[in-house]
Structures are given as C-alpha cells and as structure tokens.
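Chains as they are written, first to last, in numbering that gives the first Met the number 0: chain A, 0 to 313; chain B, 0 to 313; chain C, 0 to 313; chain D, 0 to 313.
All C-beta atoms, glycine included, are put in the ideal place defined by N, C-alpha and C.
See below for the structure under consideration.
4 protein chains.
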Amino acid sequence: MERKTRRNLRERFALKNSIVKEALAEFLGTFVLILFGCGSVAQTVLSRGAVGEMLTIHIGFTLGVTMAVYVAGGVSGAHVNPAVSLAMLVLGKLKLVKFPVYVLAQFLGAFAGAAAVYGLYYDAFMDYTNGILIVTGPNATAHIFASYPGRHLSILNGFIDQVIGTGALVLCILAIVDGKNNGAPKGMEPLVIGLIIMAIGVSMGLNCGYPINPARDLGPRLFTAVAGWGRDVFSAGRNWWWIPVSGPLVGGVVGAVLYLLFIELHHAEPQKHLEEENSVKEKKCRKITVDGGLKCKTFEELSRSFDFRSLNMK
Amino acid sequence: MERKTRRNLRERFALKNSIVKEALAEFLGTFVLILFGCGSVAQTVLSRGAVGEMLTIHIGFTLGVTMAVYVAGGVSGAHVNPAVSLAMLVLGKLKLVKFPVYVLAQFLGAFAGAAAVYGLYYDAFMDYTNGILIVTGPNATAHIFASYPGRHLSILNGFIDQVIGTGALVLCILAIVDGKNNGAPKGMEPLVIGLIIMAIGVSMGLNCGYPINPARDLGPRLFTAVAGWGRDVFSAGRNWWWIPVSGPLVGGVVGAVLYLLFIELHHAEPQKHLEEENSVKEKKCRKITVDGGLKCKTFEELSRSFDFRSLNMK
Amino acid sequence: MERKTRRNLRERFALKNSIVKEALAEFLGTFVLILFGCGSVAQTVLSRGAVGEMLTIHIGFTLGVTMAVYVAGGVSGAHVNPAVSLAMLVLGKLKLVKFPVYVLAQFLGAFAGAAAVYGLYYDAFMDYTNGILIVTGPNATAHIFASYPGRHLSILNGFIDQVIGTGALVLCILAIVDGKNNGAPKGMEPLVIGLIIMAIGVSMGLNCGYPINPARDLGPRLFTAVAGWGRDVFSAGRNWWWIPVSGPLVGGVVGAVLYLLFIELHHAEPQKHLEEENSVKEKKCRKITVDGGLKCKTFEELSRSFDFRSLNMK
Amino acid sequence: MERKTRRNLRERFALKNSIVKEALAEFLGTFVLILFGCGSVAQTVLSRGAVGEMLTIHIGFTLGVTMAVYVAGGVSGAHVNPAVSLAMLVLGKLKLVKFPVYVLAQFLGAFAGAAAVYGLYYDAFMDYTNGILIVTGPNATAHIFASYPGRHLSILNGFIDQVIGTGALVLCILAIVDGKNNGAPKGMEPLVIGLIIMAIGVSMGLNCGYPINPARDLGPRLFTAVAGWGRDVFSAGRNWWWIPVSGPLVGGVVGAVLYLLFIELHHAEPQKHLEEENSVKEKKCRKITVDGGLKCKTFEELSRSFDFRSLNMK
C-alpha cells in the first residue's frame with residue numbers, strides 16, 4: 000500500500016495510549032501461544048497419536064511461547080502469563096495500574112486462541128466425538144484445552160507442582176533477561192525463553208501437563224465451558240480448575256524472590272556512576288528521538304535492551 | 000580458481016538486472032525448500048516409517064525453509080512462497096512488477112525440487128511402487144509431493160485451515176523481522192522463520208499437512224501430473240488442488256493486516272526525524288557503494304537489515 | 000517493589016564477598032540442572048515411558064545445563080560440575096582456594112535438586128512403588144537420581160567411558176568459550192554448551208547413562224541413600240558409585256590438556272601487545288567501575304567476555 | 000597452571016608453521032565428528048534401538064559437525080571433509096599445497112574417532128556380537144562405522160545420491176558463510192552448518208545413510224578392516240566403498256558451482272572501493288598483530304569473519 004495510505008491509517012488508528020497498545024500486544028501474543036500450544040494437543044489427541052506425540056506437544060508450547068514473545072516482546076514485554084505479570088509487579092517492574100489490564104488481555108487472548116483451534120479442527124472434532132463433547136473417559140477432548148490432574152495426584156501435590164513449575168519458569172526468565180548475568184543476546188530471548196517451556200515440559204509434565212499459566216489454563220477452560228463441554232470442566236478432578244490458577248501466581252513470586260536473593264541482589268551496582276551515565280545518555284537521546292521516550296542506539300542497549308519493559312529502568 | 004578467472008566470469012555472466020538476480024535466488028531458494036521438505040516425506044513414506052516419522056518431516060520443512068532463507072535472503076528476501084509475496088505486495092513492500100516474476104520463479108523452483116527428489120529416490124520409488132505411480136490407496140506416493148485432505152475434512156474447513164495456517168506464518172514472519180519489535184538478530188532470522196514452520200507443523204498438520212504455500216503445493220503437484228501419476232492429482236479429494244493455492248493467498252494477507260492493526264501501526268514513528276536520518280545516511284552511503292543501491296555498515300543496519308527487501312525503506 | 004525497598008534489601012543482604020556469591024550461584028545452577036535433568040528421568044520412568052523417552056531425557060539434561068549456565072554463568076562461570084572446576088584449576092583458570100567451595104556448593108545444589116524432584120513427584124513415586132523404594136529390578140526407581148552400569152559393562156570400560164565422555168565435554172566447552180577460535184557469541188554459550196550434553200547423550204549414553212559429573216551423580220545418590228533407598232545405592236553394580244566420581248575428574252583434565260595441546264597452545268599470542276592493551280584497558284576501567292573489579296564495555300569484551308571467570312585474564 | 004609454566008609450554012611446543020596447526024585442527028575436528036556421529040549409531044545398533052533411533056543418529060552427526068566446527072573453525076576453517084576442501088580448492092579458497100595435508104589429517108582423525116568409539120563400547124560390542132564382527136546380516140555391526148547401500152539401490156543411483164547430498168551440503172555452507180548474503184552471525188555458523196546435516200539426514204538418508212564425506216566414510220571403514228571385520232567391508236554392496244568417496248568429491252564441486260552461478264557471481268562488488276578499504280585495514284592491522292597475519296577487530300569482521308580461511312580475502 001502507498002506510503003500515503005499508510006500514513007492515513009496511522010493518523011486515524013494509531014494508538015497514542017501505551018496501555019492500550021500493550022493490551023493489544025498481550026492479547027495477540029497469548030492468542031498465538033494458545034493457537035500453537037493447544038493446536039498441538041488437538042492434533043495429537045484427534046489423530047489418536049498418529050500425527051502427534053508428547054514431544055510435538057512440548058514443541059507446540061515451546062514455539063508458541065517463542066512466537067508470542069516475538070509478537071509482543073517489543074511492545075508489552077510479552078508476559079502472556081498472569082503469573083509472570085504478578086512477579087514483575089512484585090519486583091517493581093510492572094506498574095500496578097497495568098496489572099489488571101495485562102491479565103484481562105491475556106485471558107481474552109487465550110479464550111480467542113482456544114476458539115481458533117476449535118474452528119481449525121471443527122470437522123476433526125465432529126469426526127472424533129460424533130458431536131458429543133466430553134470431559135472424561137477414552138473419547139474425552141476437554142484436555143485439549145485445559146489441564147486435568149493425573150489419577151495419582153493429590154490437590155496438595157498438584158499445588159506444589161504448579162509452584163515449582165512456575166517458580167522455575169520465572170527464575171529462568173529473570174536469568175535470561177538479566178544484563179548483569181550471562182543474558183541472552185537481544186532478539187534471541189524469545190527462543191531461549193521458549194526453551195524453558197521445553198525443559199519444564201519434559202521434566203514436570205507428568206502430574207498435570209505443566210499449565211504454569213492461569214490465562215493459558217482458565218481462558219481455554221472457559222471456552223470449553225461455553226462451547227459445549229459444560230460445567231464438568233470445572234468440577235472434574237475434585238474442582239481442579241483453581242489449582243493451575245492459584246499455584247502459578249504463588250510460584251511466580253517464589254521464583255522471582257529466589258532469583259533476587261541468590262543472584263540479582265549481589266550484582267555489583269555502582270549506583271552513583273550509573274546515575275551519571277544515565278544523565279549523559281538522556282542528554283544524547285533527547286536530541287535523537289521526538290516521541291518523548293528515550294531511545295538510544297548505543298551498542299550496550301542494543302545488545303541488552305530486552306527487559307520486560309522496565310527491568311533496568313525502574 | 001584464480002582471481003583473474005573469477006573476474007572474467009563476473010564480467011561475462013554477472014547480472015546487472017536486479018530482477019533477474021532476484022528471480023534466480025527465489026528459484027534456488029524454493030528448490031532447496033522442496034528438496035529437503037518433500038525429500039523428508041519421501042524418506043518416511045518409501046521406508047514405510049522405518050527411517051522417518053512425522054517429526055522428521057516437520058524438521059525437513061523447517062530446515063528446508065531455514066536453508067532457503069540463507070540461500071536467497073540477502074538477494075530477494077527469500078519469500079519462496081507466493082502467499083508471502085502477495086502479503087508483501089499488499090503491505091507495499093514488494094513492487095507490483097516484481098510480483099509475477101517472483102511467483103513464476105517460485106513455481107519453477109518447486110517443480111525442479113520435486114524432480115530432484117524423484118531422481119534422488121528413483122530406485123526406491125520403483126522398488127516401493129513396482130513402477131505403478133498412484134494417488135490414493137495404501138501404496139499411494141503422490142502425497143510425497145503435494146497435499147491431500149484428510150477424510151474428515153470438508154472443503155470449507157480446508158480453506159479455513161489454509162487461511163489460519165498461512166495467516167499465522169505471515170504474522171510471525173512480520174514480527175520476527177520487525178526492527179521496532181523484539182526482532183531476531185541479523186543472520187538468525189532464517190532459523191527463527193524456519194521454526195514457525197515447525198510450530199505450524201506440530202499444531203496445524205492434521206487436516207491436510209500444512210501446505211500454506213501455493214508454489215510448494217502446486218509446483219510439485221504439476222510435476223507428479225507429468226511424471227506419471229496422471230490427472231488424479233488434480234481430481235482427488237473433490238478437486239482439492241485449488242484450496243492450498245487460494246487459501247494461503249487469502250491467509251497471508253489476513254495475517255499481514257492483523258499484524259499491522261495489532262502491532263505495527265502503533266509503533267512510535269518520529270517521521271520527521273527518520274527522514275532527516277535517511278538523508279544523512281544516503282549521503283554517507285553514496286560515497287561507499289558503487290552499484291546504485293544503498294549499503295551502509297552502521298551497526299544498526301547490521302543488526303536489523305534483514306527486511307524482506309524494503310520493509311523499512313519504502 | 001519500590002526502589003527504596005530494593006536499596007534497603009541490597010544494603011542489608013547484598014554479599015560483598017565474591018566467593019560466597021559464587022557459591023550461591025553454583026548451588027542454584029546445579030539445583031536447576033538436577034531439577035530439569037533428573038525430573039525428566041522421573042517423568043519417563045514413573046509414567047513407564049508414556050510421557051517420556053530417551054530423547055526427552057537428553058533434552059532434560061541439555062536444557063538443564065543451558066538454564067544452569069544462564070542462572071550462574073555471569074557470577075561463577077557456571078561450572079556446575081566438579082570435573083569442570085578441576086579442569087579449570089589445572090588450566091590455572093580457577094583459584095585453588097575457590098575449588099573446594101565450588102565443589103561443595105555443587106554437591107549441595109545437586110542434593111537439593113534431587114529433593115525437589117522427589118517432592119514434585121511424591122504422589123507419583125508412592126503410586127509407582129507402593130512406597131517400596133528399591134534400587135534394582137523392574138520397579139527400581141534409584142536410577143532416576145544416579146547412574147547404574149549396564150549389565151554388559153566392566154568397571155574398567157565404565158571408567159574409560161567416563162573419561163571419554165567428560166573429556167569430550169571439557170574439550171568442547173573450551174572450544175566454545177575460546178575467543179581466539181570460532182567461539183559462540185556472548186549470551187549464546189549456554190545454549191551451545193547445553194548441546195554438548197545432547198551430543199554426549201545420543202552417542203555415549205549406552206554404557207551407564209553419561210553422568211560425566213561427580214556432583215550430578217553423587218549428590219542425588221546421597222539423597223536416595225537417606226530418603227529411603229538405603230545403602231544399596233552404593234553397593235549396586237559392584238560398588239559402581241565411585242566410577243562416575245573419579246572418571247570425570249580424570250576425563251576433564253584429559254580433555255583440557257588435549258585442547259591445550261592441539262589448539263590453544265598454537266594460537267598466535269602477541270604477548271607484548273596484549274599486555275599494553277590490558278594496561279590501557281585497566282586505566283579506562285578504573286574510571287568506570289567502583290567495585291574493584293574490571294568491567295569494560297568495549298565491543299570485543301561484550302562479544303567474548305564469557306570466560307569461565309578468567310579464561311583470558313589469568 | 001602458572002602463567003610462567005604456560006609461557007614455557009608455549010615457547011617449547013607452540014607451532015609457528017600454520018599448515019601443521021591447521022592439520023592438527025582438522026584432525027581433532029574430524030575426530031570429534033566421528034566420536035559423536037558414529038557413537039550415536041553404535042548406541043542405537045548395540046542397544047537394538049532401546050536407547051537410540053534414527054532421530055538421535057541425525058542429532059549425533061548434526062552436533063558432531065557443530066562441535067567439530069567449534070573445535071577447528073578458527074584455526075583451519077573446519078572443513079573436516081575432503082569434499083568441502085576440494086570445493087574450496089576449486090573456488091580458489093584453499094591453497095593447492097594445503098589440500099593433501101587437510102585430507103590426510105581428516106582421514107587420520109576419522110580413523111582415530113572410529114577407534115575411540117570401539118574403545119568406548121568395547122564391552123557392548125563383545126556382548127552384542129559374541130566377538131564375531133560381521134558386515135552383513137541381522138547381527139552386523141560394520142554399518143556402525145561406514146555406509147552400506149540399501150537393497151533397492153543401484154550403483155548409479157547411489158552415486159547420484161552422494162552428488163545431490165554433498166552438493167546440497169556445500170551450497171548451504173557457502174550461503175551460510177556468505178557475508179554478502181544473509182549469512183549467519185559470527186560464532187553461530189557451527190550450529191547452522193550442523194543443521195544442514197540434520198536437513199540432509201531427514202531427507203536423504205534412505206538410500207545409504209548420507210555419508211557425504213569421504214573421510215567420514217573411508218576412515219572408519221579402514222578401521223573396521225583392520226580391527227577385525229576384514230575385507231568384506233570393501234567388497235560388500237558390490238564394492239560400494241568407492242561411491243561415498245567419489246560421489247561427494249563431485250557433488251561438492253557441483254554445489255559450489257551452482258552457488259557461484261545462481262548467487263555469488265551476481266553480488267554487487269565495488270572492487271575498487273574494497274581494495275582501498277583493504278589497504279587501510281592492512282595498515283591498521285600491521286600495528287596490532289605480530290604473527291604476520293591480519294587480525295582486525297572492526298565490528299564488521301567480528302560479525303562476518305568466519306570465512307573458511309580466505310573466503311573474502313583471496
């Protein structure tokens with residue numbers, strides 16, 4: 000399209016309000032995560048394992064997170080997970096006013112992603128289920144969208160599972176984006192953050208399939224509730240549904256605190272010097288950008304600027 | 000060979016015309032994609048699963064795209080897919096006059112790639128089929144080259160499948176090469192773009208095997224039509240052949256528009272400043288290069304210069 | 000949390016003593032390695048292969064090492080393996096006084112990681128074993144935590160296996176972090192170092208499951224001894240336990256010496272020039288940092304600074 | 000070890016002669032390739048598929064190449080394959096006098112690597128074969144070390160297979176290290192070059208297992224001939240042994256010529272300017288290095304300097 004058209008589009012529709020931009024990004028990122036993630040479960044279940052297996056499901060969620068972070072990373076920090084948003088809030092890296100907006104966008108994105116998977120495989124669902132959408136038993140399909148506990152699992156162990164899993168997730172994310180540690184290079188974080196999901200999938204998937212994300216679990220579960228699977232999606236597994244909501248919120252904070260206490264707190268921080276440096280940087284940058292924000296193209300920033308919005312700037 | 004020989008070669012054969020160069024690159028890139036992609040299906044089918052499985056087929060197409068982008072990326076942008084070219088055209092990132100040339104080169108490359116796979120495995124084809132090349136049934140081999148729908152799939156759901164799959168492909172490509180988002184570093188885009196294919200393969204492969212590329216599907220299908228499989232390759236699956244041609248074209252545009260509306264449109268764009276910067280850059284660069292184009296070695300360009308030919312320069 | 004709170008935390012708890020910081024990092028890194036690594040074995044064994052296989056175990060240890068290096072790399076160099084620490088000591092890249100501290104932290108981290116895996120899968124362990132934790136036989140679970148030799152394996156061949164495996168590990172690590180060779184870029188070393196584990200896992204896993212790390216093997220073995228598996232964990236396999244402790248220590252040194260003799264020794268080293276450069280660097284840096292250490296932001300360091308603490312600085 | 004000791008070592012043993020250094024690097028690189036590659040076949044065959052499968056074998060050779068390139072890349076360019084060396088010779092990127100030295104070192108490295116795999120799994124070989132080392136039949140083990148053709152394969156198709164496979168390998172390598180195309184970033188080439196092997200393994204492995212490297216195939220075959228498998232290793236498959244020697248040599252040159260004609264020849268080359276730039280660079284660098292070679296630390300070189308010794312400098 001012509002440059003002019005594009006400028007017109009921009010003038011009419013471009014959002015000045017950063018919180019709305021970020022909400023759109025969180026929505027689209029979580030949508031992509033669920034599209035690839037739950038899509039890979041659907042492919043495996045609906046083909047009765049013929050064109051999918053545990054490993055391809057792990058790959059689906061791994062690359063779902065990777066692509067989600069590419070889609071939303073530069074705009075909202077790509078939390079795509081309320082547990083990550085809560086951890087960032089506790090660490091002072093997300094403003095309180097943004098927290099409910101992020102979480103709502105994540106839930107809506109996950110709900111929409113589940114709907115897209117259902118549309119993608121509508122014929123396959125009808126073929127597999129003869130139109131009877133059920134939650135338990137050999138022809139169950141509800142676990143395509145949300146987690147259900149293994150038979151061996153108690154509620155307590157399930158909660159611990161979600162705390163450990165989400166703790167590991169947030170701890171590793173913080174390490175990967177920590178510029179004072181051995182952080183991933185700019186633009187490769189999405190891949191490496193995705194690989195945390197793979198690590199968790201192969202090691203912590205046996206109990207209940209590593210939801211470790213309240214939006215990823217509850218959003219699609221709500222979709223199944225309204226799309227024909229009914230209330231069983233909440234009552235199954237001794238009302239399991241609230242464990243993958245509450246466990247990750249606790250686990251994310253635990254992981255963040257552990258990383259802070261074991262690693263981040265002890266980084267040398269030449270506070271005074273940094274402040275000087277920042278004021279210099281600010282001066283340089285005011286000249287360069289016109290949008291009110293600070294965007295400098297020093298090498299250091301280029302290589303370390305991915306920071307979940309405000310990791311180093313708070 | 001001697002430097003002199005090489006200079007002679009260059010003087011005689013080097014193409015001054017950029018559109019022919021780009022056509023050669025699109026041809027070779029699509030050839031490589033099909034060689035690795037359809038080769039991996041051939042290996043799996045002809046060994047009856049003994050030295051191949053769904054996952055190795057996903058790897059074949061994933062790395063086929065990755066290698067295609069390394070081969071053609073710096074010359075033509077490595078669309079290797081008419082649906083990507085059309086999306087770029089609609090976004091104003093590919094000139095109209097180049098579009099038919101790109102598409103033709105892609106189809107020819109895919110046709111040649113299919114022929115190479117047939118040559119590579121000629122003995123295996125004869126051994127497997129006893130020389131009878133058929134499209135359906137347990138000894139069918141046509142699906143090595145082109146997609147055929149699953150039994151459960153309606154034409155409508157097949158079309159939706161191709162729109163969603165190609166939409167996801169283009170949306171993720173645009174995110175990965177978007178320098179104002181969390182884009183992949185220069186030289187790593189081929190790997191990350193390849194991983195989109197893996198994500199689609201594990202999550203959207205059940206309906207018809209994720210063609211999501213008119214050249215990748217129709218080119219090899221034409222090869223099978225002339226190489227001995229006959230007209231059935233078009234009539235099978237209720238004339239399925241036109242779905243993986245039309246669906247991706249629609250899907251690519253849908254994905255591009257979604258990325259534009261949700262993300263790209265809202266990037267801060269200090270228009271005036273950028274224009275100034277460009278004019279400065281232009282001055283510097285005129286000094287440096289002699290081929291009429293602009294090639295600057297500033298760090299920013301080095302880290303972000305992969306742009307599907309003109310992503311930031313239109 | 001508020002900047003003020005954070006500064007308070009820092010003032011109260013931040014460790015000035017670098018050896019304690021490094022011990023914390025080695026502890027947490029080894030903990031993460033075991034959590035993902037032994038977790039992936041537990042998932043495979045306790046599901047009787049339903050949600051795990053050899054490949055997912057390889058992925059577990061591969062990404063366990065990758066995440067461990069992200070967690071600890073920038074602080075302690077992320078040896079997370081006494082055999083690596085010993086090799087670094089012999090190469091003069093780790094101070095003697097730090098060696099026992101590193102090794103102790105690694106053992107404690109591995110012990111704690113094993114405990115976390117046991118907690119994560121407590122219900123699954125009880126379900127699988129009916130509470131009877133045994134070392135050998137079809138319902139054995141001790142090999143989730145530590146290595147046991149295959150039936151075909153003699154003690155001598157087992158020792159050679161550990162020497163070759165750990166030798167390959169250390170040789171490849173040294174190549175990957177060697178800035179004068181074709182080293183991995185800053186921030187990507189954790190991924191590439193993890194891939195050494197994958198290479199070893201697919202090629203050297205048949206004899207006894209590639210422990211190649213005294214802490215990874217003996218730490219969790221000690222956990223099983225106290226957690227209910229009893230003394231059999233030491234006596235099984237003709238007192239196998241000491242082979243994966245002694246073999247790696249020898250192998251790591253062998254690998255380091257081989258890399259030194261074949262590659263590192265022959266790098267051109269303009270000794271005098273480098274010393275000059277260093278003194279210049281030192282001057283610049285003294286101005287920049289306040290913590291006594293030297294941290295320069297030249298590009299070269301940024302791209303090559305990961306060096307197991309002192310690879311180029313000794 | 001003390002700095003002094005190290006300096007002593009260097010004074011006594013460091014090689015001034017670059018061709019000997021490069022031979023050592025090629026030897027060690029090819030050794031590592033075979034150790035991981037043939038090791039992964041051994042693990043799969045000797046466990047009768049219990050701890051290995053086609054995919055882990057592909058991973059073994061993929062990461063074998065990756066680690067080989069990390070080990071030797073910065074010294075010799077890490078050809079680790081006579082077909083690659085011949086292609087470089089034809090392209091004028093390897094001196095004629097070095098060619099036989101490289102090839103000899105590659106063969107010796109491959110032979111030594113095969114011996115190491117035999118040592119690693121000596122007990123497992125004895126257990127599997129009862130000491131009878133045979134080339135064909137259900138208990139054959141010779142194919143752990145060298146390629147043998149599938150039953151369906153004619154000599155002609157086998158030769159074509161090796162030409163196509165090695166052609167694809169060299170074509171992709173040239174694209175990946177081509178700084179004027181979309182080349183891989185410095186330090187990531189080993190990983191991406193390894194992935195070519197994966198692409199070939201999943202798509203071209205059915206005929207004879209993708210040797211595509213005379214040293215990788217003939218070196219270990221010679222080992223089996225002397226280690227107890229006897230002359231059958233040469234006579235089997237209608238004297239198959241010379242196909243994976245001659246085919247790759249032809250294929251490598253074909254791939255190089257194709258890349259030259261389709262892509263490299265048409266890159267804009269502002270000859271004059273580059274020469275000026277080089278002379279400036281030379282001046283700067285003479286100051287910096289003392290070993291007669293040119294090693295500059297400009298950013299451009301850092302990001303693009305991996306060049307199979309002389310890709311851009313001839």
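- Scanning C:181, C:253, C:111 for the CA closest to the CA of residue 89 (chain C) turns up C:253.
- Counting only the Cα atoms, residue 79 (chain D) lies some 11 Å from residue 65 (chain D).
- When the Cα atoms are used, residue 27 (chain C) and residue 215 (chain C) turn out to be separated by approximately 13 Å.
- Taking 9 Å as the Cβ-Cβ cut-off, the stretch 67 to 96 of chain C approaches chain D at 89, 90, 91, given in chain order.
- Closest option to residue 249 (chain A), judged by alpha-carbon separation, among A:193, A:83, A:185: A:83.
- At a C-beta separation below 8 Å, residue 42 (chain A) has these neighbours in chain B: 201, 202, 203, 204, 205.
- In the structure shown, residue 98 (chain B) falls within a helical segment according to DSSP collapsed to helix, strand and coil.
- In terms of CA proximity to residue 255 (chain C), C:164 leads the group C:186, C:164, C:236.
- Annotated as distal: residue 202 (chain C) and residue 193 (chain D), with beta-carbon spacing of 8 Å or more.
- Not a single C-beta of chain A is nearer than 8 Å to the C-beta of residue 210 (chain C).
- Within chain C, the residues whose beta carbon sits less than 8 Å from that of residue 187 (chain D) are 183, 184, 187, listed in sequence order.
- By the criterion of a C-beta distance shorter than 6 Å, residue 196 (chain D) is surrounded in its chain by 60, 61, 64, once the five residues flanking it on both sides are discounted.
- At a cut-off of 8 Å between beta carbons, residue 191 (chain D) contacts chain B.
- Identification of chain D residues near residue 115 (chain B) by a Cβ-Cβ cut-off of 8 Å yields 163, ordered along the chain.
- For residue 184 (chain C), no alpha helix (DSSP H) run applies, since DSSP gives it neither H nor E.
- Collapsing the DSSP output to three states places residue 50 (chain D) in coil.
- By the 16-neighbour rule on beta-carbons within 10 angstroms, residue 12 (chain B) is exposed.
- Beyond the five residues adjoining it in sequence on each side, residue 166 (chain C) comes within less than 8 Å, by CB distance, of 250, 251, 253, 254, 257 in the same chain, given in chain order.
- Contact annotation: the stretch 102 to 109 of chain C touches the stretch 20 to 36 of chain C, with at least three C-beta pairs closer than 8 Å.
- A distance below 8 Å separates the beta carbons of residue 162 (chain C) and residue 246 (chain C).
- Looking only at D:227, D:226, D:241, the smallest Cα-Cα distance to residue 233 (chain D) is reached by D:241.
- If you compare the alpha carbons of D:199, D:237, D:267 with that of residue 116 (chain B), the shortest gap goes to D:199.
- Residue environment for residue 99 (chain D): exposed (fewer than 16 other C-beta atoms within 10 angstroms of its C-beta).
- Counted as a single uninterrupted DSSP element, the alpha helix (DSSP H) harbouring residue 165 (chain B) occupies residues 154 to 175.
- Inclusion of residue 53 (chain C) and residue 50 (chain D) in the CB contact set at 8 Å is warranted, their separation being smaller than that value.
- Taking the Cα of residue 235 (chain D) as reference, the smallest distance to any Cα among D:266, D:55, D:154 is reached at D:154.
- DSSP places residue 245 (chain A) within a helical segment (H, G or I) once states are collapsed to three.
- At least 8 Å separates the beta-carbon of residue 174 (chain B) from that of residue 220 (chain B).
- Taking the Cβ atoms as the reference, residue 226 (chain C) lies roughly 19 Å from residue 205 (chain A), outside the contact range of under 8 Å.
- Contacts with chain B at 8 Å (Cβ-Cβ) include residue 13 (chain A).
- Taken through DSSP and simplified to helix, strand or coil, residue 206 (chain C) comes out as coil.
- If you draw a straight line from the Cα of residue 119 (chain A) to the Cα of residue 156 (chain B), it is about 7 Å long.
- By the Cβ neighbour-count rule, residue 68 (chain C) is buried, with 16 or more other Cβ atoms within 10 Å of its own.
- Not a single CB atom of chain C sits nearer than 8 Å to the CB of residue 132 (chain D).
- Interface with chain B (8 Å Cβ-Cβ cutoff): residue 177 (chain A) is excluded.
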